[in-house]
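*Asks:*
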Amino acid sequence: MSAVLAQLNLFEGASVPPLPSSPLIERILLDNPWPTVVAVMLVGVVGFLILNQRGRARHGLVVFGVALAVAAGAFVCAMVVETDREAMKQRSRELIGAVARVEVELLEELLDEDLELNVTRVGRGVGKAQTIAAVRSYLGSVYPVREHTILELQSTLDGPRLGRTQVRVRVTSDVGVLPSWWRIDWLRETDGTWRARRIEALWIPGVSRPGG
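Residue numbering for the sequence shown follows the working numbering, beginning at 7 and increasing consecutively.
Structure below.
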């Protein structure tokens with residue numbers, strides 16, 4: 007069985023190069039604040055214990071209080087502020103869900119008017135209207151998606167209004183389970199909304215250069 011899967015090229019998804027990571031400050035304060043929150047709280051606890059042992063409990067409480075305030079501030083900031091990378095990731099989740107569920111109205115809103123879709127089975131340079139029609143035709147009746155899972159999702163910024171996401175998905179239909187890698191180029195419109203302007207298949211099992 008493993009030999010058959012290998013022939014179908016099912017294990018090459020991991021070969022897709024990862025996107026550049028976000029800046030360090032953004033990662034530790036906004037993307038994943040928990041290590042920062044825990045570290046600050048530990049500093050506060052250790053500071054209190056040391057000062058308490060030296061008979062300076064009041065100073066220790068001040069140190070702990072400051073640490074608690076900083077940790078709470080970092081957590082609230084991360085919860086309130088949505089970075090461009092996070093916004094593109096959320097739009098990617100919405101896009102994948104809309105495709106899987108054939109939500110045409112949502113696709114109309116998520117896709118840029120100048121969209122270009124590059125997938126072997128659909129064709130090269132397919133526009134927005136053709137893309138939505140293909141989703142409605144293939145996934146709406148011929149190969150309906152029973153279940154879909156996002157296995158990995160990355161994002162990066164290429165400019166003030168440009169960015170990319172890479173997503174590894176697994177879909178289940180009547181014909182079986184199919185994993186794949188996709189690249190989505192995003193454009194932030196003048197109203198601040200991110201819309202997909204280019205979608206390319208990076209890896210599909212058994213397909214050589216699916217987006218090329």
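By construction, the Cβ of each residue, glycine as well, lies at the ideal position given by its N, Cα and C atoms.
Just to confirm my understanding: we take Arg204, look at its own chain, exclude 5 residues before and 5 after, and list those with CB closer than 6 Å. What are they?
*Replies:* Locating residue 204 in the sequence shown gives position 198, counting from the first residue. Shown here for Arg204: same chain residues with a beta carbon closer than 6 Å to its own, the five before and five after excluded, namely Glu122 and Asp191 in chain order.
*Asks:* With DSSP as the reference, please indicate the residues paired to Asp191 in a beta bridge.
*Replies:* As a first step, residue 191 is located in the sequence shown; it is residue number 185 there, counting from the start. DSSP, once it has assigned bridges, lists Arg170 and Arg204 as partnering Asp191.
*Asks:* Measuring only the C-alpha atoms, how far is Leu25 from Gly50?
*Replies:* Residue numbering aside, residue 25 sits at position 19 when the sequence shown is read from its first letter. Residue numbering aside, residue 50 sits at position 44 when the sequence shown is read from its first letter. In a straight line, the C-alpha of Leu25 is about 36 Å away from that of Gly50.
*Asks:* I'd like the span of the beta strand (DSSP E) that includes Asp223, first residue to last.
*Replies:* Only positions 7 to 218 of the chain appear in the structure, and residue 223 is not among them; the question remains open.
*Asks:* At the level of alpha carbons, what is the spacing between Leu163 and Gly198?
*Replies:* For the purposes of this step, residue 163 is taken as residue 157 along the sequence shown, with counting starting at 1. For the purposes of this step, residue 198 is taken as residue 192 along the sequence shown, with counting starting at 1. Approximately 15 Å between the Cα atoms of the pair.
*Asks:* Per the contact definition of three or more C-beta pairs closer than 8 Å, is the segment 95-103 in contact with the segment 168-179?
*Replies:* yes
*Asks:* Measuring CB to CB, does Gly66 end up less than 9 Å from Gly79?
*Replies:* Residue numbering aside, residue 66 sits at position 60 when the sequence shown is read from its first letter. Residue numbering aside, residue 79 sits at position 73 when the sequence shown is read from its first letter. Contact: no.
*Asks:* Put Ser28 into one of helix, strand or coil per three-state DSSP.
*Replies:* Taking the first residue of the sequence shown as 1, we reach residue 28 at position 22. Note: Ser28 maps to coil in three-state DSSP.
*Asks:* Identify which residue in Ala135, Ala139 and Ser161 has its Cα closest to the Cα of Arg33.
*Replies:* Position 27 of the sequence shown, counted from the first residue, corresponds to residue 33. Nearest C-alpha to Arg33: Ser161.
*Asks:* Under 8 Å Cβ to Cβ from Phe70, same chain only, skipping five residues before and after it: list those, please.
*Replies:* Counting from one through the sequence shown, the residue named residue 70 turns up at place 64. So the qualifying residues of the chain are Gly50, Val51, Gly53 and Phe54.
*Asks:* Go to Ser98, then tell me how far its alpha helix (DSSP H) extends in each direction, as first and last residue.
*Replies:* In the sequence shown, the residue the question calls residue 98 occupies position 92. Run containing Ser98: Asp90 to Arg107, per the alpha helix (DSSP H) assignment.
*Asks:* Would you call the CB atoms of Arg201 and Glu115 closer than 9 Å?
*Replies:* In the sequence shown, counting from the first residue as 1, residue 201 sits at position 195. In the sequence shown, counting from the first residue as 1, residue 115 sits at position 109. Yes; because the gap between Cβ atoms is below 9 Å, this pair is in contact.
*Asks:* May I ask you to report which of helix, strand or coil DSSP gives Thr137?
*Replies:* Here residue 137 corresponds to residue number 131 of the sequence shown, with the count starting at 1. Here Thr137 sits in helix by DSSP.
*Asks:* What residue does the beta strand (DSSP E) around Arg64 start on, and which one ends it?
*Replies:* Looking up residue 64 in the sequence shown gives position 58. Not the beta strand (DSSP E): Arg64 falls in the alpha helix (DSSP H), residues Ala63 to Val86.
*Asks:* According to DSSP, which residues form a beta bridge with Val148?
*Replies:* Position 142 of the sequence shown holds residue 148. Per DSSP, none; premise fails for Val148.
*Asks:* Please report the straight-line C-alpha distance between Ala63 and Ala73, rounded to a whole angstrom.
*Replies:* Looking up residue 63 in the sequence shown gives position 57. Looking up residue 73 in the sequence shown gives position 67. Going from the Cα of Ala63 to the Cα of Ala73 covers about 15 Å.
*Asks:* Per DSSP, which one or two residues make a beta bridge with Pro185?
*Replies:* Along the sequence shown, one-based indexing puts residue 185 at 179. Residue pairing by DSSP places Pro185 opposite Arg176 in a beta bridge.
*Asks:* At the level of alpha carbons, what is the spacing between Ala77 and Gly61?
*Replies:* As a working mapping, residue 77 is identified with position 71 in the sequence shown. As a working mapping, residue 61 is identified with position 55 in the sequence shown. If you take the alpha carbons of Ala77 and Gly61, they lie about 25 Å apart.
*Asks:* With DSSP as the reference, label Thr42 as helix, strand or coil.
*Replies:* By 1-based counting over the sequence shown, the position of residue 42 is 36. The answer is helix: DSSP assigns Thr42 an H, G or I state.
*Asks:* Select from Ala84, Val44, Ile56 and Leu48 the residue whose C-alpha is nearest the C-alpha of Ile31.
*Replies:* Counting from 1 along the sequence shown, the entry for residue 31 is found at position 25. With distances taken between Cα atoms, Ile31 lies closest to Ala84.
*Asks:* Is Leu117 closer than 9 Å to Ile138 when the C-beta atoms are compared?
*Replies:* Against the sequence shown, residue 138 aligns to sequence position 132. Against the sequence shown, residue 117 aligns to sequence position 111. Cβ distance < 9 Å, so Ile138 and Leu117 count as in contact.
*Asks:* Thinking C-beta only, is Thr178 closer than 9 Å to Arg142?
*Replies:* Along the sequence shown, read from residue 1 onward, the residue named residue 142 stands at position 136. Along the sequence shown, read from residue 1 onward, the residue named residue 178 stands at position 172. No; because the gap between Cβ atoms is not below 9 Å, this pair is not in contact.
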